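Okay, structure first, notes after.
Numbering (my numbering), first residue to last: 3 to 717.
In structure tokens:
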């Protein structure tokens, strides 16, 4: 607590010492702004002090504070109360200033204290995390510590510009600008670099993107020193993006520069950077022993740059307050914050699994099993899987003007495999467009456009490419409902061309069967169509879930089946008439020709194709096999799985994914936990990357493997 007390005492000692004055403000209106700035900064400072006190009492659980960063209150003071803001975790000053400017009945002191104490009464997260956020203040909650919210922020700026071009309304006024703050250490993160590049790229191609990117530079990344001048150099070299620079310890200059930066973005609808020099007081967080890597003289030098002291001294110098009045105001804020802390620390917290997970949960679907037998021949006008998906997207865009389709090569080319062919010509480049080659930006664009009221359908060109940006799904998309207690959501359907079995083009990037990373994300939905008869219904329901429930859905399309027409040579049975009726979450399909097969093959994706071919071979051997297509991999349709296998004599789980952490593991576990005594076996792909050429067959599940496993199971 020594440094905390030193920061607190330094304020009173320095203000009491007074300054030479009075002087004149550099701007006639600055007097009132400086008073408001000081009020927000003092509130933020005392909330930081209260956080340390609460932690010492065992009643506070978050001590990353805003001390030294209170100059960000200028952004909250000068921006419009309706500008959407996605904030750095040291944005206490901004939050206080925004609340003071808003007409909404919001108590920022109790809001922050409830977050610090994990109170179930926290109005934004409901006790799940300490975040700055409130729908009435247009502050979208972020838990990012490594700038993972920057792609969403740039995406939201792009979305505001797109909405204006398309004549669509968003939740914000037509002249709104996006505010996004982050730390200097985060400038080095690849996510931030990608987002900054995307902002410059969008501007270069002539598209509006009204976003102000605010780097709060305190010179430290926990204990790692930021090289002097590094953030200014990086941020000052973005093509076409001006960088405004302000010193947080000069409040009048701070207000002037912040005002100019906001005006530039609002007037030009182009991105800009505000490089804000700050200091970090009281260490990184409560557990940080700053003296282990900093000298006492260096810490003392930072006290001389305290923005709260600087604003207080400006008030004294300009004759707006006497030193005694400033100290009285400061202590009055302390008393108000401490009194609220005494009350809030006794509030109830989340105490059950159900309460914690409430924003993630939806009603568990009932058991639903559809029996299906593929036709002997193809019906007239039948579609391949790629054609069926294309038709579904076309109909969805016709039905809903909010639907956007975008990604690398999806526009004029129509996708690498032609799945989006013709959509741009029909619906225009405003709704079907190519992005820059960066999966993080693609998903960030989806996050931003969804917040703005669109229904984005981004395409990730290959499953392996998703892994470079998976935190945009895990840490941003799926977490928003959780950390906002369901008050914010970003429904989307991410189309991913994936899985293995491509012929003539492959290797591990284009034949990736790793689904574990998707199935590990709380709250998302993962669907895998296997046959063109199912693809429209599955995609339609994913779109419904995204639009009406704000769900994040991932639609993994088996590349190897895009243009398949035959199950067996020349039969045309891997095509189907267009069937857009939604297939609801949890519904599975049982392909069967008998009531009591020798083996039920439980699988998905390419496994359905391989399983049905294997079933034909098994019939020649005198054995019968049904094939159960799970369709939905997350959440796993356990009730439907159990219903479909209730009378099974033997169960063979076929997982085209890797053995470790594969879908098959969960299927076997579900059957075991349900007490199934049916003879059971599992086969899966090897825990290997997929090599190029014929060698791929050595690590993937084959028809022969399925036939052999069925024979072993029958005995």
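Backbone N, C-alpha and C define an ideal beta-carbon position, used for all residues, glycine too.
A quick note: this is a predicted structure, and the numbers were derived from the prediction, not measured.
*Just tell me which of 92, 414, 122, 404 has its CA closest to the CA of residue 736.*
No information on residue 736 is available, as it lies outside the stretch 3 to 717 that the chain covers here.
**Prompt:** Should residue 339 be labelled buried (16 or more other beta-carbon atoms within 10 Å of its own) or exposed?
**Reply:** Walking along the chain shown from the start, residue 339 turns up at place 337. Buried, because 16 or more other Cβ atoms sit within 10 Å of the Cβ of residue 339.
inquiry  = Which runs of the alpha helix (DSSP H) at least 4 residues long sit entirely within the stretch 514–574? Give them in chain order.
reply    = 518–521, 537–551
With three or more C-beta pairs closer than 8 angstroms as the rule, is the stretch 30–47 touching the stretch 322–336?
Contact between the stretch 322–336 and the stretch 30–47 is established, with three or more Cβ pairs separated by less than 8 angstroms.
message: Distance check for residue 119 and residue 61, CA to CA, integer angstroms please.
response: Taking the chain shown and counting its residues from 1, one reaches residue 61 at position 59. Taking the chain shown and counting its residues from 1, one reaches residue 119 at position 117. Going from the Cα of residue 61 to the Cα of residue 119 covers about 6 angstroms.
ask   = Does DSSP put residue 123 in a helix, a strand or coil?
value = Here residue 123 corresponds to residue number 121 of the chain shown, with the count starting at 1. If DSSP states are grouped into helix, strand and coil, residue 123 belongs with coil.
Is there contact here, the stretch 638–656 with the stretch 575–593, by at least three beta-carbon pairs under 8 angstroms? yes
When DSSP labels each residue in this structure, what does residue 628 get in the three-state scheme?
Working through the chain shown from its first residue, we reach residue 628 at position 626. Under the three-state reduction of DSSP output, residue 628 falls in the strand class.
Self-check item: 6 angstroms CB neighbourhood of residue 223 in its chain, flanking five on each side removed
Solution: Sequence index remark: in the chain shown, residue 223 carries index 221 (1-based). For residue 223, where only same-chain residues beyond five positions count, the Cβ hits under 6 angstroms are 187.
query = Would DSSP call residue 118 helix, strand or coil?
reply = In the chain shown, residue 118 corresponds to position 116, counting from 1. Residue state, collapsed to three classes: helix.
- [ ] Output yes or no for whether 9 angstroms exceeds the beta carbon distance between residue 213 and residue 168.
- [x] Within the chain shown, the letter at position 211 stands for residue 213. Within the chain shown, the letter at position 166 stands for residue 168. Contact check for residue 213 against residue 168 fails: the beta carbons are separated by 9 angstroms or more.
Residue interval of the beta strand (DSSP E) (run including residue 685) | Within the chain shown, residue 685 is the residue found at index 683, counting from 1. Segment 682–687, the beta strand (DSSP E) holding residue 685.
In the DSSP assignment, find the alpha helix (DSSP H) that holds residue 444 and state where it starts and stops.
Residue 444 sits at position 442 when you count from the first residue of the chain shown. Residues 441–453.
Q. Over what stretch of residues does the alpha helix (DSSP H) that includes residue 648 continue unbroken?
A. To locate residue 648, count along the chain shown from 1; it is residue 646. No residue range can be given for residue 648, since it is assigned to no alpha helix (DSSP H) and is classified by DSSP as neither H nor E.
| request: Return yes when the Cβ of residue 191 is within less than 9 angstroms of the Cβ of residue 126, no when it is not. | output: The sequence position of residue 126 within the chain shown is 124, counting from 1. The sequence position of residue 191 within the chain shown is 189, counting from 1. No; because the gap between Cβ atoms is not below 9 angstroms, this pair is not in contact.
- [ ] Please name the residue or residues paired with residue 232 in a DSSP beta bridge.
- [x] For the purposes of this step, residue 232 is taken as the residue at position 230 of the chain shown. Paired residues: none, contrary to the question.
- Query: According to the Cβ coordinates, are residue 564 and residue 420 closer than 9 angstroms?
  - Reply: Locating residue 564 in the chain shown gives position 562, counting from the first residue. Locating residue 420 in the chain shown gives position 418, counting from the first residue. Closer than 9 angstroms, so yes.
**Study point:** Touch test, the stretch 688–700 against the stretch 499–508, Cβ-Cβ under 8 angstroms, three pairs minimum
**Key:** yes
Next item on the list: Check residue 243 in the structure and name its three-state DSSP category.
Entry: Residue mapping note: residue 243 aligns to position 241 of the chain shown, counting from 1. Reduced to three states, the DSSP call for residue 243 is coil.
Q. Is the stretch 521–528 close to the stretch 428–446, with three or more CB pairs under 8 angstroms?
A. no
task: Just tell me which of 684, 43, 698 has its CA closest to the CA of residue 690.
output: Reading the chain shown from its first residue, position 688 is the one you call residue 690. Measuring from the Cα of residue 690, the nearest candidate turns out to be 698.
Original post:
Looking at residue 450 and residue 247, is the spacing between their C-beta atoms short of 9 angstroms?
Top reply: Start at 1 with the first residue of the chain shown, and residue 247 comes out as number 245. Start at 1 with the first residue of the chain shown, and residue 450 comes out as number 448. Cβ distance not < 9 angstroms, so residue 247 and residue 450 don't count as in contact.
Query raised in the report: So who's on the other strand from residue 184, going by DSSP bridges?
Result: Reading the chain shown from its first residue, position 182 is the one you call residue 184. Looking at the DSSP assignment, residue 184 forms a beta bridge with 217.
Please state the DSSP three-state secondary structure of residue 635. For this step, residue 635 is matched to residue 633 along the chain shown. In this structure, residue 635 counts as strand in the three-state DSSP scheme.
_DSSP three-state label for residue 458, please._
One-based indexing of the chain shown puts residue 458 at position 456. The answer is strand: DSSP assigns residue 458 an E or B state.
Quick test of your reading: residue 86 and residue 201, contact by CB under 8 angstroms. State the CB separation rounded to the nearest angstrom.
In the chain shown, the residue the question calls residue 86 occupies position 84. In the chain shown, the residue the question calls residue 201 occupies position 199. Between residue 201 and residue 86 the Cβ distance is about 15 angstroms, and since that is not below 8 angstroms, they are no contact.
How is the beta strand (DSSP E) around residue 409 delimited, first residue to last? Here residue 409 is taken as the residue at index 407 of the chain shown, counted from 1. Its beta strand (DSSP E) spans residues 405–409.
Next item on the list: Could you work out which residue in 594, 539, 559 is closest to residue 466 when comparing CA atoms only?
Entry: What you label residue 466 is simply residue 464 of the chain shown in a count that begins at 1. Looking at the Cα atoms, 559 is the closest of the given residues.
So residue 77 and residue 141 are supposed to be a Cβ contact under 8 angstroms. How far apart are they, rounded?
Mapped onto the chain shown, residue 77 falls at position 75. Mapped onto the chain shown, residue 141 falls at position 139. Actually they do not touch by this definition, with Cβ atoms about 12 angstroms apart.
Following the continuous beta strand (DSSP E) through residue 224, name the residue where it begins and the one where it ends. For this step, residue 224 is matched to residue 222 along the chain shown. No beta strand (DSSP E) contains residue 224, which DSSP labels as neither H nor E.
My output table needs one value for residue 205: the three-state DSSP class, helix, strand or coil. Taking the first residue of the chain shown as 1, we reach residue 205 at position 203. Residue 205: helix per DSSP, three-state reduction.
* Among 242, 217, 397, 458, which has the Cα closest to the Cα of residue 231? -> Locating residue 231 in the chain shown gives position 229, counting from the first residue. Ranking the options by Cα distance to residue 231, first place goes to 217.
Q) I think residue 150 touches residue 473, with their Cβ atoms under 8 angstroms apart; what is that distance to the nearest whole Å? A) One-based indexing of the chain shown puts residue 150 at position 148. One-based indexing of the chain shown puts residue 473 at position 471. The pair is a contact, with the Cβ atoms about 6 angstroms apart (cut-off 8 angstroms).
inquiry  = Rounded to the nearest angstrom, what separates residue 486 and residue 316 at their Cα positions?
reply    = Along the chain shown, read from residue 1 onward, the residue named residue 486 stands at position 484. Along the chain shown, read from residue 1 onward, the residue named residue 316 stands at position 314. In a straight line, the C-alpha of residue 486 is about 38 angstroms away from that of residue 316.
**Local conformation of residue 666 per DSSP, three classes** = The sequence position of residue 666 within the chain shown is 664, counting from 1. Reduced to three states, the DSSP call for residue 666 is helix.
Sorted by chain position, which residues of the same chain lie with C-beta nearer than 6 angstroms to residue 727's C-beta, five sequence neighbours on each side aside?
The shown model of the chain, from 3 to 717, leaves out residue 727, and the question about it has no answer.
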